[in-house]
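Numbering-wise, the sequence shown is residues 13 to 312 according to the numbering used here. By construction, the Cβ of each residue, glycine as well, lies at the ideal position given by its N, Cα and C atoms. Since this is a predicted model, take the numbers as computed values, not measurements. Okay, structure first, notes after.
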Amino acid sequence: VRAVEALARSEEQFRLAMASAPSGMAVVEHDGAFAQVNNSLAAMVGQSIGWLQRHGLRDIVHVDDWPVVEALKKRLIDSELASGIEEIRLVQIDGSMVRAEMSLAALRSQQGSVISFVAQFIDVTQAREAQAALHHAATHDPLTMLGNRRGLSEQLGKVLGRIPRTGTRIAILALDLDGLKPVNDRFGHATGDQVLVTVGERLRAAVRRDDPIARVGGDEFVVVLVGVHNDEQVAHLAEKIRTELSRAIVVNDEPVQVTASIGAVLAGPDEGATALLARADAALYEAKQSGRDRVVVKGD
């Protein structure tokens, strides 16, 4: 009798603790149905407790994240692990997403088999958004919103890392603006900044959406062309960019003229980022020494 009473007290304490918990909590059956659910989880997804009880965990987890939940359940069932943690997206009633850290603990029988699961959900949306904002600030130029040196390093590393799997070839364009200093001297730095913004916009419009672009110095840019095949194609694309940047930029009704010197290189097999950027800089130096406003392509 005492054992039964103790079990009943324990279950009641668990129920009360779950009901008052500030984080979302639920008892989840093997098929994902909710045996119990608290108000915090209902508030997190904008649904009623009744709605959640009629549905299940799968109905509030983003479809792409459900395999993550299933894999965690399987790990707990197939092992003696007590619990596991994964980050998933919960779908709110209006379709918006909540990033949640989900802790899943196995409730086991005396024989050790999993009876059900206790799930706890902690909203980490704001934390992840803050992390993303900090990362964006650290990897982007605040004026042009293009990548900066750190952003270029990250993006180029990712692109080079995919090459062994995809076989894609890439090219690097190192670009210097010719004539920005006279613009700053004559019209002021506000006009010079607008020129840089327009150059960034023209670069973005001239290449594919996924081609990384970075402003790596005051008037220095780097463009990564993904999916190119030969020096001729690289030269054609670089010349297209040079021509586009030579068009006058109108700032406060004043036409402003800058040009660009471009050094371009096609990546060789197994060539790393440092060597690739150094070759592009050498090609750029040659373009500037040859009279500026021109393209120099150096073969691999």
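The Cβ neighbour count for Val-49, taken over all protein chains shown within 10 Å, is at least 16; the residue is labelled buried. Burial state of Gln-122 is exposed, judged by a 10 Å Cβ sphere holding fewer than 16 other Cβ atoms.
Three or more Cβ pairs closer than 8 Å define a contact, and the region 189-198 falls short of that threshold against the region 242-256. The beta-bridge partner set that DSSP reports for Asp-188 consists of Glu-232, Ser-273. At least 8 Å separates the beta-carbon of Gly-169 from that of His-152. Judged by DSSP in its simplified three-state form, Ala-94 adopts coil rather than helix or strand.
Of the candidates Asp-222, Ala-145, Asp-188, Val-211, the residue whose Cα lies closest to the Cα of Ile-182 is Asp-222. Beyond the five residues adjoining it in sequence on each side, Asp-265 comes within less than 8 Å, by CB distance, of no other residue in the same chain. Selection Ile-175, Asp-90, Val-240, Trp-78 evaluated against Val-103 yields Trp-78 as nearest (Cα-Cα). Only buried fits Lys-85, as 16 or more other CB atoms lie within 10 angstroms of its CB.
Spanning the alpha carbons of Ala-33 and Ile-134 requires a straight line of approximately 11 Å.
A distance below 6 Å between beta-carbons, with the five flanking residues on each side excluded, links Arg-161 to the following residues of its chain, in chain order: Val-228.
Look at Ile-105 here: in three-state DSSP terms it is coil, with no helix or strand label. Rounded to whole angstroms, Lys-310 and Ala-217 show a C-alpha spacing of 24 Å. In the three-state reduction of the DSSP assignment, Gln-48 falls in the strand class, which pools E and B. Between Leu-296 and Ile-261, the gap from beta carbon to beta carbon reaches 8 Å or more. Residues Thr-180 of the same chain have their beta carbon placed closer than 6 Å to that of Gly-239, with the five preceding and five following residues left out of the count. Val-80 carries a helical assignment under DSSP once its states are collapsed to helix, strand and coil.
Between the region 86-97 and the region 142-159 there are fewer than three inter-stretch CB-CB distances shorter than 8 Å, so the stretches are not counted as touching.
Shown here, Val-308 sits in a strand according to DSSP, grouped into three states. Looking at the DSSP output, Arg-111 bridges to Arg-101.
Phe-129 is bridged by DSSP to Val-40, Ala-118.
Here Val-75 is exposed, its C-beta having fewer than 16 other C-beta atoms within 10 Å. At the C-beta level, Val-219 and Val-235 come within 8 Å of one another. In the DSSP annotation of this structure, Val-171 is not part of any beta strand (DSSP E); the continuous alpha helix (DSSP H) holding it starts and ends at 161-178.
Comparing alpha-carbon positions, the option among Val-277, Glu-232, Gly-58 lying closest to Ile-105 turns out to be Gly-58. In terms of Cβ geometry, Ala-112 and Phe-129 do not form a close pair [threshold 8 Å]. Apart from sequence neighbours up to five positions away, no residue of its chain approaches Ser-125 with a beta-carbon distance below 7 Å.
Leu-288 places its beta carbon less than 8 Å from that of Ala-279. For Ile-61, the three-state secondary structure derived from DSSP is helix. If you ignore the 5 residues before and after Arg-304, its C-beta comes within less than 6 Å of the C-beta of Asp-190, Ser-273, all in its own chain and listed in chain order.
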